[in-house]
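Quick notes on the structure that follows.
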Amino acid sequence: MKKRILALVLAAAMALGTTGCGLFTVQNESPADVAKDSIANEFHKGSQESTIAEEDIEDAAAGVDSTPKEVRYQDDYYEYVNQNLLSKIELAATDAHWDWFGELNAVVSSEMEDIIRELAGDGKTYEKGTPEQKIKDMYECVSNTENREKTGLGPLKPYMDSIRNAKNIDEYVDALAHLSGEFGFSSIVGGYYISQDKADSSEYSVYMMYADTLIGKEYIEGKETKEYVDMYLDYVNDMLVEFGMSAGEAAASTDSIETLLRDICASTLTTEQLYDPKITYNVYTAKELQQLYTNVDVDKMLKTLGVSGQDKYIVIDVEQAKKINSLLVEENLQALKDYSSFVMLNDVAEYASSGYVKLHDKMQNSLYGITESWGDEKIWMDLTQDLLPWDFGTIYVKEHFSQEDKEAVEAMIELILKEYETIINKQEWMSDATKQKAVKKLETMQVKIGYPEEWPAAKDMMQVTPISEGGSLISNWLVSMQVAIEAQLQQLGTKVDRSEWDVTPQTINAMYDPLNNEIIFPAAILQAPFYNSRNSDGANLGGIGFVIAHEVSHAFDSSGALYDEFGNYNVWWTDEELAEYERLSQSIVEYYNNYEMMGTKVNGDLTLMENIADLGAMTCITSIIGDDEDALDDAFGQMTYNWASADTASFMMYLLNTDTHSPNKVRVNAVLSSCDAFYDIYDIAETDGMYVAPEDRVGIWR
Ligand SMILES: [Zn+2]
């Protein structure tokens with residue numbers, strides 16, 4: 003449920019598994035988040051501190067050179083190029099992960115922290131509604147532990163009581179509907195989200211959310227994840243004790259929560275299925291919704307949610323909805339109440355009193371393999387930034403945005419779109435009519451770079467009440483939730499404004515949004531090592547060029563290809579072409595299934611879309627470069643350098659289970675081993691580790 007808030011208030015950019023809150027699986031994502039493809043997983047918790055010297059960021063990476071190294075590039079190009087860089091990276095006990103996205107995020111974050119510190123200590127009073135007032139007062143609420151202890155669950159207490167005191171299913175569902183309608187909480191039933199309609203992306207529709215599956219289906223059903231599930235169930239138990247249950251009550255409740263959870267997960271879509279509109283776009287009228295949820299008074303629920311009277315409701319996971327309905331019977335009442343109570347405690351944990359904060363932090367750290375907790379101050383600083391993303395965004399762009407860099411990147415985007423047209427026209431398996439439609443999609447693709455001309459309405463709607471006027475962290479957090487819902491409800495019934503941004507400029511990432519047929523490059527990605535005006539063209543093509551081409555490729559990945567140039571889910575391929583696409587996709591799935599990290603296989607199905615985008619991006623930038631060997635060497639080197647990373651074993655397990663991207667090392671080596679130009683410039687023999695026979699090389703866009 004926090005995902006819903008992240009999507010709107012904290013910007014969708016933070017969504018795919020990111021930052022502080024956005025913990026577990028994509029299961030908890032809103033449909034809009036699921037639709038948007040990003041270049042990187044957005045987990046920043048890994049890099050608490052900036053660890054890399056300025057010159058390492060600024061220097062162009064070398065491809066193959068004469069420096070003696072422990073690894074041969076012919077066997078492992080990723081290790082060869084990154085050997086020096088990775089030797090400087092030692093994961094701190096507080097870190098789970100290092101990569102350039104996290105590194106740059108740490109730099110941005112520490113600048114924002116300086117601003118928070120200055121405001122916190124300046125003794126001044128700022129005008130209501132200014133970013134300075136909001137940041138200063140929010141930080142006071144976040145860091146005033148006395149106030150947090152005193153507040154407890156604060157304004158949420160009566161809502162929690164209404165779940166705990168529900169005497170029947172009807173009262174239970176009503177309690178959940180109030181929490182969903184007023185704050186956006188969703189646990190079992192009644193969660194919803196307003197987003198662009200997939201079949202007509204100029205309109206907004208109501209999507210009925212799936213249930214919160216806690217640690218997520220992948221962990222619950224995984225073969226190698228039992229220790230993490232056990233750890234999570236301990237966390238459930240401890241949270242219930244913290245809430246005031248006796249040890250016996252908490253243990254019994256945890257058991258029944260686990261039973262429900264396993265039952266729900268068995269009827270829940272996989273992450274990759276969530277990206278497939280054929281599976282997730284299911285239109286229901288209110289009457290049909292009543293037939294789906296026979297154990298719920300649907301009319302009453304929709305009224306409480308504030309979304310009654312719509313012509314249609316989109317059910318994302320129909321099988322799960324059927325399962326939930328079957329569980330909504332009196333004999334399950336206590337288990338359902340316990341399940342929803344825990345979800346609520348889990349959602350509120352970071353904002354609540356120290357007992358909950360500590361348990362939540364401990365669970366997160368165990369899941370990711372972090373052995374030492376962040377200090378309070380760092381956690382408070384991060385929370386403050388998460389709660390006021392757009393206010394920090396306005397500050398960020400004042401300091402960091404160069405018109406010249408923007409123009410250079412625009413020129414590169416044009417070059418890449420043109421090259422893609424050539425690549426599409428070369429495909430022998432596509433008919434002329436289909437090629438024309440694909441080219442149309444390129445020609446009409448919207449480009450967003452930097453930051454919005456107009457800031458989202460949510461920025462000003464979000465106001466912060468200081469402690470001196472009765473505010474608290476929880477009350478202000480709830481305001482941010484209400485603002486998110488209010489902003490969505492205001493959109494319902496209006497035409498979609500495609501110039502709106504839901505990604506903050508300080509986000510280190512890039513995205514493709516199929517519903518707007520648009521690519522998005524926030525201001526913060528336009529910096530070294532991704533883009534550097536002093537680097538060679540080859541290096542910048544391997545840097546930001548690869549990022550751009552990856553995003554453009556998403557318009558034609560296994561999910562993006564099902565949307566037309568207007569962003570509507572509308573299949574524009576012939577049956578024969580789709581069959582060929584499917585055949586090529588299957589070979590990509592099998593190709594990636596052969597790679598492994600830390601002894602665990604990559605999931606070729608989960609990572610298919612991102613792998614298609616990576617493979618297509620490499621075709622595109624090498625086609626632009628042609629046979630210039632130095633430029634190819636620069637491009638391969640820079641791309642490899644930009645994907646350097648280090649992970650704890652637990653975090654790698656988390657990525658392999660939930661991230662739609664392949665692990666970074668695989669992203670590099672698997673793509674290069676399938677790239678003909680790589681073999682053209684380097685002497686790779688059949689016996690070398692990087693060698694893949696020409697007939698076994700994969701890709702849709704070759
Ligand atoms: Zn991507």
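The opening position of the sequence shown corresponds to residue 3 in this note's numbering, with each subsequent residue numbered one higher.
A virtual CB, placed ideally from N, CA and C, is assigned to each residue, including glycine.
{"Check": "Does the distance between the C-beta of Ala615 and the nearest non-hydrogen atom of ligand 1 fall short of 7 Å?", "Outcome": "yes"}
{"Check": "In three-state DSSP terms, what is Asp635?", "Outcome": "helix"}
{"Check": "Leaving out five residues on either side along the sequence, give the residues of the same chain with a beta carbon under 7 Å from the beta carbon of Phe344.", "Outcome": "Val238, Met241, Leu242 and Ile259"}
{"Check": "With C-beta atoms as the reference, is His99 less than 8 Å away from Phe532?", "Outcome": "no"}
{"Check": "Please state whether DSSP places Asp299 in a helix, a strand or coil.", "Outcome": "coil"}
{"Check": "Taking all protein chains shown into account, decide if Trp431 is buried (16 or more other Cβ within 10 angstroms of its Cβ) or exposed.", "Outcome": "exposed"}
{"Check": "From the DSSP output, which residues share a beta bridge with Asp649?", "Outcome": "His99"}
{"Check": "Keeping to the same chain, check which residues put their C-beta closer than 8 Å to that of Ser433; ignore five residues upstream and five downstream.", "Outcome": "Thr576 and Glu579"}
{"Check": "Just mark Glu471 as buried or exposed, buried being the case when its beta carbon has 16 or more other beta carbons within 10 Å.", "Outcome": "exposed"}
{"Check": "Relative to ligand 1, is the shortest distance from any of its heavy atoms to the C-beta of Asp661 smaller than 7 Å?", "Outcome": "no"}
{"Check": "Could you tell me the alpha carbon to alpha carbon distance between Val441 and Met303, rounded to whole angstroms?", "Outcome": "45 Å"}
{"Check": "Which stretch, first to last residue, makes up the beta strand (DSSP E) that contains Gly210?", "Outcome": "The residue you asked about is not Gly; residue 210 is Met in the sequence shown. Its beta strand (DSSP E) spans residues Tyr206 to Met210."}
{"Check": "If you measure from the CB of Ala39, is any heavy atom of ligand 1 nearer than 7 Å?", "Outcome": "Checking the sequence, you will find Asp at residue 39 rather than Ala. Result yes, Cβ under 7 Å from ligand 1."}
{"Check": "Return the bridge partner residues of Thr602 from the DSSP annotation.", "Outcome": "Met599"}
{"Check": "May I have a chain-ordered list of the alpha helix (DSSP H) segments no shorter than 4 residues that lie completely inside the stretch 62-133?", "Outcome": "79-89 and 102-123"}
{"Check": "Quick one: what's Asp746 bridged to in DSSP?", "Outcome": "With the chain represented from 3 up to 704, any question about residue 746 goes unanswered, as that position is not in the structure."}
{"Check": "On the criterion of 16 or more Cβ atoms from any shown chain inside 10 Å, does Arg585 qualify as buried, or is it exposed?", "Outcome": "exposed"}
{"Check": "Please indicate yes or no: does the CB of Glu612 lie closer than 7 Å to some heavy atom of ligand 1?", "Outcome": "yes"}
{"Check": "When you compare only the Cα positions, how much space is there between Val359 and Phe638?", "Outcome": "44 Å"}
{"Check": "I'd like to know whether the C-beta of Glu332 is nearer than 8 Å to at least one C-beta of chain B.", "Outcome": "In the structure shown, chain B cannot be found, because there is only a single protein chain."}
{"Check": "Indicate whether Ala213 and Gln322 have their beta-carbon atoms separated by less than 8 Å.", "Outcome": "yes"}
{"Check": "Closer than 7 Å to a non-hydrogen atom of ligand 1 - does that hold for the CB of His552?", "Outcome": "yes"}
{"Check": "Between Tyr656 and the rest of its own chain, which residues show a CB-CB distance below 7 Å, the 5 nearest in sequence each way excluded?", "Outcome": "Leu369 and Tyr370"}
{"Check": "Check whether the Cβ of His556 lies closer than 7 Å to any heavy atom of ligand 1, and answer yes or no.", "Outcome": "yes"}
{"Check": "Using the rule of at least 16 other Cβ atoms within 10 Å of the residue's Cβ for burial, across every protein chain shown, is Ala633 buried or exposed?", "Outcome": "buried"}
{"Check": "What are the residues that DSSP puts in a beta bridge with Gln275?", "Outcome": "Beta-bridge pairing links Gln275 to no other residue."}
{"Check": "Just how far apart, CA to CA, sit Ile702 and Leu608?", "Outcome": "17 Å"}
{"Check": "I'd like the list of long-range same chain contacts for Thr424, defined as Cβ closer than 8 Å, with 5 residues on each side in sequence excluded.", "Outcome": "Ser625"}
{"Check": "Taking all protein chains shown into account, decide if Met641 is buried (16 or more other Cβ within 10 angstroms of its Cβ) or exposed.", "Outcome": "buried"}
{"Check": "Within 10 Å of its beta-carbon, does Asp698 have 16 or more other beta-carbons around it, so buried, or fewer, so exposed?", "Outcome": "exposed"}
{"Check": "Can you pull the DSSP bridge partners for Ile316?", "Outcome": "Tyr209 and Val285"}
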